[in-house]
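In what follows, a structure is listed as structure tokens, so that the remarks can point back to it.
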Amino acid sequence: MEQSEKIIGGHPFTRFKSITQTEKKSISKSIEFYKWLDSRRTVRDFSDRSVPREVVENILKSASTAPSGAHKQPWTFCIVSNPVIKKAIREAAEKEEYENYHGRMSPEWLEDLSPFQTDWSKPFLEIAPHLIVVFKKSYDILPSGAKRNNYYVLESVGIACGFLLTAIHNAGLVALTHTPSPMNFLSKILSRPENERPFLLIPIGYPTEETFVPKLKRKKLDEMAVFYD
Ligand code: IYR
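Using my numbering, the letters of the sequence shown map in sequence onto residues 57 to 285.
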């Protein structure tokens, strides 16, 4: 029998089970996946329909499979379903966003946002059944109280959020990658420890029955990729 585990440099390694495909299968799978991913849209109009807890747990487990610096997984996902906490988050976010839309954002920024018809009002923060608040951990606090560094935290948490959005789409749910700014109010409302800083606020749920989204074009391959053959 093939050895499935061995010690390398004093550390345990396990055999990687490759899922190599034929070229034909790789091509068809890559097209299929691209088409499916291209059907994902950011949605701001949420239904209040509930989402099974198991689905939420599975999308979080999917996000946490993301690669991270030294495999530190430097993230905490807070799932807010409690209406009182959602209301507090909405009120704090709207307070900041009101200032953003009334002077803090440049005319250029406001012009760039015009196609999305966003404003300071954020009702989805109360309507969506769950808010996933993603925190990044620049360091860990060990049980002894000692600090232990994390690495490439922004890159790692960004990748995990990409996995999260993909998992949400796969479950037939929609999400909004929301960045109220500044968002330190989230640390306070959720009583997060000092090593955690808010990264993204992602309402998730089902869309309203009739939902319109901006008619967007995505960049063509030659506008976003350069091949050095
Ligand atoms: N955070 C604000 C503004 C905003 C900024 C960008 I860049 C967007 O893509 C969308 C919104 C808001 O949430 O309204």
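We treat Cβ as the ideally placed atom computed from N, Cα and C, and that holds for glycine.
Just so we're clear, the structure is a prediction, and the values are computed from it rather than from any experiment.
- Of all alpha-carbon atoms in F191, K244, I260, the one lying nearest the alpha-carbon of T222 is that of I260.
- Between I188 and F102, the gap from beta carbon to beta carbon reaches 9 Å or more.
- In the three-state DSSP reduction, N205 falls in the strand class (E or B).
- Under the three-state reduction of DSSP, Y195 is assigned to strand.
- Taking 8 Å as the cut-off, one finds no heavy atom of the ligand IYR near enough to the beta carbon of W92.
- Of the other Cβ atoms in all chains shown, 16 or more fall within 10 Å of the Cβ of A149; this residue is therefore buried.
- Within a 10 Å sphere around the beta-carbon of H158 sit fewer than 16 other beta-carbons, which makes this residue exposed.
- The region 66 to 147 contains, as complete beta strand (DSSP E) runs of 3+ residues, the segments 67 to 70, 131 to 136 (chain order).
- Across the structure, G201 and E250 are spaced so that their CA atoms are roughly 12 Å apart.
- Beta-bridge analysis with DSSP links E252 to K193.
- Put simply, the backbone Cα of L220 is about 10 Å away from that of V112.
- Straight across, the Cα-Cα distance linking H234 with L256 is about 6 Å.
- In its chain, beyond the 5 residues on either side, F191, E252 have a beta carbon closer than 6 Å to the beta carbon of T132.
- A straight-line Cα-Cα distance of about 23 Å links Y195 and I258.
- Three or more Cβ pairs closer than 8 Å define a contact, and the region 169 to 177 falls short of that threshold against the region 108 to 127.
- Going by DSSP, E167 is part of the alpha helix (DSSP H) stretching over 163 to 169.
- Put simply, of R96, I64, E79, I145 the residue whose alpha carbon is nearest the alpha carbon of L246 is I145.
- Apart from the 5 residues on each side of it in sequence, P123 sits with its Cβ closer than 8 Å to the Cβ of S212, I215 in its chain, given in chain order.
- Note: V230 is bridge-paired with G261 in the DSSP secondary-structure output.
- In the DSSP annotation of this structure, the continuous segment of the alpha helix (DSSP H) that includes K244 starts and ends at 241 to 245.
- According to DSSP, H186 shares a beta bridge with I260.
- When DSSP states are grouped into helix, strand and coil, K151 belongs to the helix group.
- According to the DSSP secondary-structure assignment, I63 is paired through a beta bridge with P68.
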